[in-house]
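Reviewing the structure listed below.
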């Protein structure tokens, strides 16, 4: 049976690292996981308790396509609390993970052949989802001097859309309010649809992240219960869209997804409770400690090429002084130090060979042990 | 912000009926729901118990993109039990509902502009998902003489794909093994990729349904935990693909979905247990009684235009002797008899005005009461 051209998306290079780490563990070695993109913690206790109670009460059938109204209202309220934005719950749409939100957004905004800009380095799936949907990803090379974030100078009128992420994966850097505002104005002026990926919001270590909704209503904002809310495997995200796009998204969602998992929507309601939120804020405090350990540890090793780690749980490290083959370096670190780290190649094909991404999402003892191992490795390497 | 051309999918007409039914209930009326496309039952107790136990044990993080290996193996074993097919678990792919399977299948098989055939009447979302993915749905008009199923005579070489469903929604009709075999041979000969929607398998009232995997390996088979397994809101489906397509689907799934809900995968393992299966087979016995009540009731009213109700939980009724405006008829039935039924228009734009779909998925007392109301309605009318 014939396979489509658009299915020819790139494999993840990080999968090779993860497979090698699994093989090492199967062989009895102890591996520290700094390659992971998810919290080591699970859904808050309040989330699990609420679901257990609701499951016992009756069937969890389909919800309406846009999600449970109580959950949409709770999310809208979060925008008041976090950003002082008065958000109409009718603009909040629950999705099957942020992944489902991207599929809906790209369907609603772009036609086959449309060009969509991405600041590079970036989350590699943007590019692959665009390709699978017959769209054309356009990498916009960003550098440390703009915190690896795109600026109006990166834009051109041939773009139908622009995806920004703040805090970003892999860099952890954020767009501040003036920078986001400039991008919103420039994209609007050029007819470029702006998509703001805010899935790492809630995970910041200095100033909080700015939501694109603070600077414009003419934007698709995508968020998720996977990171701050610590519910990766539950596959629940949300999207805020302009009011006049809601009916379009509703029709697309009815057909493409029917609805997001009802069980996950209930768990999310629990996560948003005061008890749930308290537990989650505790996780953030752990990440903050882990981040300090990692940044000071790297500096002590003389590895000073970290991008400003404003948020999320990543450090994106320029190792160009050591290598232009980060895959070989990460393979060697795994083999000799027992630490799994991610080469930059998935995030930036052109320059990723000179970068590593280190995650501090696991427990503090794990991160501390990992840094000790890296110190020994780089010390021995000289 | 500009909206794409491909986002202009059709609204569901049934939504108007459902909204009117809700409004009637809000006004204090008692409505019998024969418009529903989902079981009135929830996930089996064994599914809920297993999830409750596993939730307490530790985080439910991402699974691998193709789904938990134990669940893939359990599904492969089901093909041995149900169809005597020896299926390699490596070909089984867990998806975010059958909806997610369609998105993956269409991405893997078709490029923008490709034409994909659908027997009409059919599940309306096929058409809308294809449109949203820049593909061209091609309705193939089917009639009672082929059980409203497509045949090799419907095919043409300009088709890149063909979607068949057995048992079908809205008709409940099945393709027997010779008919499915003929279609598999004809599509293969013409280079048309065959997609077999088997989401109502397990719900049959005479001979069991034939899986396309009994006649060919050169097919995408799509199934779901929503119908026989009674887990609609859990949004878990699966797909069986040719061996040489697994890597393609894996790469697409990693990027487009990351993974299906981990919680739902655990619940599905519970549903597949002997206790879960026993509970589910009990539901099928209820549907069988409901179907008898509905078919004999309609015949007693002189409504003899039902398609052969081989499986699923629908009766598709030709009411052309009464009307060519099934929306008006269903609105009148709701208003005067308090029974919600679905006009055929979503399933077949050309001829749906002469058809109603009646679901017998609810409890036996509800179905019996609904038939009494319909008998009074049509008695008074006729």
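Protein chains in written order, with my numbering: chain A, 150 to 531; chain B, 150 to 531. Glycine residues also receive a C-beta, built at the ideal position from the N, C-alpha and C atoms. Since the model is a prediction, treat every value here as computed from it, not as a measurement.
The beta strand (DSSP E) enclosing residue i, as first and last residue numbers
i, result
"residue 401 of chain B", "It is not in any beta strand (DSSP E) - residue 401 of chain B instead sits in the alpha helix (DSSP H) that spans 395 to 405."
"residue 209 of chain A", "Note, residue 209 of chain A: premise wrong, no beta strand (DSSP E); not H, not E."
Below-7 angstroms beta-carbon distance, residue i vs any chain B residue
i, result
"residue 316 of chain A", "no"
"residue 267 of chain A", "no"
"residue 495 of chain A", "no"
"residue 491 of chain A", "no"
"residue 150 of chain A", "yes"
"residue 305 of chain A", "no"
"residue 405 of chain A", "yes"
"residue 377 of chain A", "no"
"residue 397 of chain A", "yes"
"residue 176 of chain A", "no"
"residue 330 of chain A", "no"
"residue 532 of chain A", "With chain A running from 150 to 531 in the structure shown, residue 532 of chain A is simply not present."
"residue 401 of chain A", "yes"
"residue 339 of chain A", "no"
CB contact check: residue i to chain A, cutoff 7 angstroms
i, result
"residue 411 of chain B", "yes"
"residue 278 of chain B", "yes"
"residue 479 of chain B", "no"
"residue 259 of chain B", "yes"
"residue 191 of chain B", "yes"
"residue 346 of chain B", "no"
"residue 382 of chain B", "yes"
"residue 499 of chain B", "no"
"residue 502 of chain B", "no"
"residue 208 of chain B", "yes"
"residue 327 of chain B", "no"
"residue 281 of chain B", "yes"
"residue 211 of chain B", "yes"
Among the options, the one whose alpha carbon lies nearest that of residue i
i, options, result
"residue 341 of chain A", "A:255, A:181 and A:157", "A:255"
"residue 322 of chain B", "B:352, B:238 and B:368", "B:352"
"residue 155 of chain A", "A:338, A:261, A:302 and A:451", "A:261"
"residue 517 of chain B", "B:160, B:180, B:172 and B:176", "B:180"
"residue 496 of chain A", "A:476, A:221 and A:529", "A:476"
"residue 230 of chain B", "B:488, B:426, B:514 and B:453", "B:426"
"residue 503 of chain A", "A:329, A:297, A:471 and A:296", "A:471"
"residue 362 of chain B", "B:356, B:354, B:344 and B:355", "B:344"
"residue 455 of chain A", "A:192, A:373, A:272 and A:297", "A:297"
"residue 389 of chain B", "B:382, B:398, B:381 and B:509", "B:398"
"residue 348 of chain B", "B:248, B:530 and B:193", "B:248"
"residue 220 of chain A", "A:314, A:505, A:355 and A:419", "A:419"
"residue 441 of chain B", "B:467, B:310 and B:514", "B:514"
"residue 436 of chain A", "A:508, A:150 and A:223", "A:508"
"residue 449 of chain A", "A:394, A:409, A:373 and A:528", "A:528"
Simplified DSSP assignment, three categories, for residue i
i, result
"residue 199 of chain B", "helix"
"residue 321 of chain B", "coil"
"residue 463 of chain A", "strand"
"residue 374 of chain B", "coil"
"residue 139 of chain B", "Lying outside 150 to 531, the shown extent of chain B, residue 139 of chain B is not represented and no answer is given."
"residue 534 of chain B", "Residue numbering for chain B in the displayed model covers 150 to 531; residue 534 of chain B lies beyond these limits and cannot be assessed."
"residue 312 of chain B", "strand"
"residue 179 of chain A", "coil"
"residue 507 of chain B", "strand"
"residue 458 of chain B", "coil"
"residue 491 of chain A", "strand"
"residue 264 of chain B", "strand"
"residue 303 of chain B", "helix"
"residue 293 of chain B", "helix"
"residue 269 of chain B", "strand"
"residue 288 of chain B", "strand"
For residue i, the first and last residue of its enclosing alpha helix (DSSP H)
i, result
"residue 544 of chain B", "Nothing can be reported for residue 544 of chain B, as the shown portion of chain B is limited to 150 through 531."
"residue 478 of chain A", "475 to 486"
"residue 165 of chain A", "163 to 175"
"residue 329 of chain B", "326 to 338"
"residue 341 of chain B", "From DSSP, residue 341 of chain B is part of no alpha helix (DSSP H); its letter is neither H nor E."
"residue 273 of chain B", "273 to 281"
The ligand PLP heavy atom lying under 6 angstroms from the CB of residue i
i, result
"residue 520 of chain A", "Among the ligands in the structure shown, none appear at all, so the ligand PLP cannot be discussed."
- [ ] Starting from the N-terminal side, write out each stretch of the beta strand (DSSP E) that is 3 residues or longer and does not extend beyond the segment 376 to 451 of chain A.
- [x] 386 to 389
- [ ] Jot down the residue ranges of each uninterrupted beta strand (DSSP E) in the segment 214 to 262 of chain A, minimum 3 residues, whole runs only, in chain order.
- [x] 241 to 244
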